[in-house]
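Visitor: Here's a structure for you.
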Amino acid sequence: MMDSRRQHPERSQPAPPRVVFWRGGSAWVGGIGEASAHAHHAIQVCMGLERPLRVRGNGEPWLELAGAIITPGCVHALDTRGAPSAVLFLAPESRQGRQLLRSLGDAGLHPAPADWVHSNSPWLHASLRERWTEEVLAGRCRRALAELSGTTCEELDVEPRIQAVINWLEARGFARVTLGEAAATAGLSSERFRHLFVAQMGIPFRSYLLWARVQAATRAGITGSTWTQAAQEAGFADSAHLSRTFRRVFGLNPSMLSMPASWKE
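The opening position of the sequence shown corresponds to residue 51 in this note's numbering, with each subsequent residue numbered one higher.
Written out as structure tokens, the structure reads:
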């Protein structure tokens with residue numbers, strides 16, 4: 051059997067990535083490795099910090115790019131070739147997200163602007179060496195996304211009743227709720243709420259809630275909870291259920307996010 055390491059001599063075992071969150075986005079910086087084919091709700095912006103990364107759309111050839119922008123729902127796979135990289139997630143329902151999608155035009159996988167990648171990869175790499183605080187790293191990532199989208203406005207760009215439901219879900223920690231409960235919060239019938247939510251968010255309510263619960267579990271898992279606790283708090287049956295969903299959403303296993311204690315603040 052051929053040793054896969056001989057096929058990719060430049061690969062090494064990457065250190066776990068640093069993950070920071072803010073409302074409407076997150077950033078994963080460091081060793082992400084290989085992500086199998088997956089799709090999710092967010093706009094994904096990724097770049098290699100030492101060498102180009104490999105990325106492919108569903109059934110398409112691999113592309114070697116300095117950076118890429120992937121629109122929501124696009125099935126894709128990622129290979130950072132064992133080198134540090136950065137992946138930024140942006141909510142498509144935010145004003146920044148909507149502006150960026152308008153500028154891209156077509157759905158799918160797009161090369162990121164070369165000048166944007168070149169101006170942001172050095173400080174992202176420095177954030178690993180210098181162990182920036184969560185606040186500083188998140189702030190710089192948010193400014194980078196503002197530059198990319200062409201707007202500094204991070205507010206959600208949705209109808210007030212949908213905004214009220216999202217606020218309600220956040221206050222509950224995105225615990226499992228029914229469509230009827232969400233519709234009642236919006237003051238709508240279940241059918242009317244179902245259609246309005248898709249029109250505003252571009253995704254069915256249940257799919258959005260699953261995405262939000264995975265995000266909530268991820269945040270809990272990297273800030274001190276066991277993955278079993280994180281799964282239960284976010285409404286998953288157990289850690290195995292969370293792992294399966296995590297792989298479907300991110301193409302990775304959640305255990306790759308187990309960071310050294312010195313990185314936790």
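Heads up, the beta-carbon is just placed ideally off N, CA and C, and yes, glycines get one too.
Taking contact to mean at least 3 C-beta pairs separated by less than 8 Å, is the stretch 65-82 in contact with the stretch 233-248?
Guide: Segments in contact, no.
Visitor: Assuming P142 contacts P161 (C-beta within less than 8 Å), just tell me the rounded distance between them.
Guide: The Cβ separation is near 19 Å, so there is no contact.
Visitor: Do R263 and F224 count as a contact pair if the criterion is CB distance below 7 Å?
Guide: yes
Visitor: Comparing C-alpha positions only, which one of R148, L115, I119 and D129 sits nearest to L138?
Guide: I119
Visitor: Distance, Cα to Cα, A311 vs A116?
Guide: The pLDDT assigned to A311 is 40, lower than 50, so where the model puts this residue is not dependable; a value taken from the coordinates is nonetheless given after this. One C-alpha to the other measures close to 31 Å.
Visitor: To which residues of the same chain is G285 closer than 8 Å at the C-beta, ignoring the five residues directly before and after it?
Guide: F224, A225, R226 and R263
Visitor: If I measure Cβ to Cβ from N303 and keep anything under 8 Å in the same chain, skipping five residues before and after, which residues do I get?
Guide: S293, F296 and R297
Visitor: Counting along the chain, where does the alpha helix (DSSP H) carrying I216 start and finish?
Guide: P210 to A221
Visitor: Under 8 Å by Cβ, that's how I've got I253 and H91 pegged, so tell me the actual separation to the nearest angstrom.
Guide: Confirmed, Cβ separation roughly 5 Å.
Visitor: S177: buried (16+ other C-beta within 10 angstroms of its C-beta) or exposed?
Guide: buried
Visitor: When the Cα atoms are used, what is the spatial distance from S171 to L99?
Guide: 5 Å
Visitor: For the alpha helix (DSSP H) containing V264, name the first residue and the last one.
Guide: F255 to G271
Visitor: Assign W182 to one of three DSSP states: helix, strand, or coil.
Guide: Here W182 carries a coil assignment [DSSP, helix/strand/coil].
Visitor: Short of 6 Å in beta carbon distance, which residues of its chain neighbour N108, apart from the five on each side in sequence? Order them along the chain.
Guide: V125
Visitor: By the DSSP assignment, the alpha helix (DSSP H) with M97 in it spans what residues?
Guide: It is not in any alpha helix (DSSP H) - M97 instead sits in the beta strand (DSSP E) that spans I93 to G98.
Visitor: Jot down the residue ranges of each uninterrupted beta strand (DSSP E) in the stretch 103-171, minimum 3 residues, whole runs only, in chain order.
Guide: With a minimum length of 3 residues, the continuous beta strand (DSSP E) runs that stay inside the stretch 103-171 are 103-107, 113-115, 117-120, 126-129, 135-140 and 159-161.
Visitor: Whole-angstrom Cβ separation of P67 and L307, contact assumed at under 8 Å?
Guide: 7 Å
Visitor: Which word fits V208, buried or exposed, when buried means at least 16 other C-beta atoms lie within 10 angstroms of its C-beta?
Guide: buried
Visitor: Any heavy atom of the ligand COA closer than 6 Å to the Cβ of A157?
Guide: Of ligands this structure carries none, so the ligand COA is not represented either.
Visitor: Under three-state DSSP, which class holds T228?
Guide: Here DSSP, grouped into helix, strand and coil, assigns T228 to coil.
Visitor: Shortest alpha-carbon distance to W110 belongs to which of G158, L103 and A270?
Guide: Checking the displayed sequence, the identity of residue 110 turns out to be Glu instead of Trp. Checking every option, the nearest Cα to that of E110 belongs to G158.
Visitor: Is it buried or exposed, G74, if we count other Cβ atoms within 10 angstroms and call 16 or more buried?
Guide: buried
Visitor: Is the distance from the Cβ of L238 to the Cβ of F255 below 7 Å?
Guide: no
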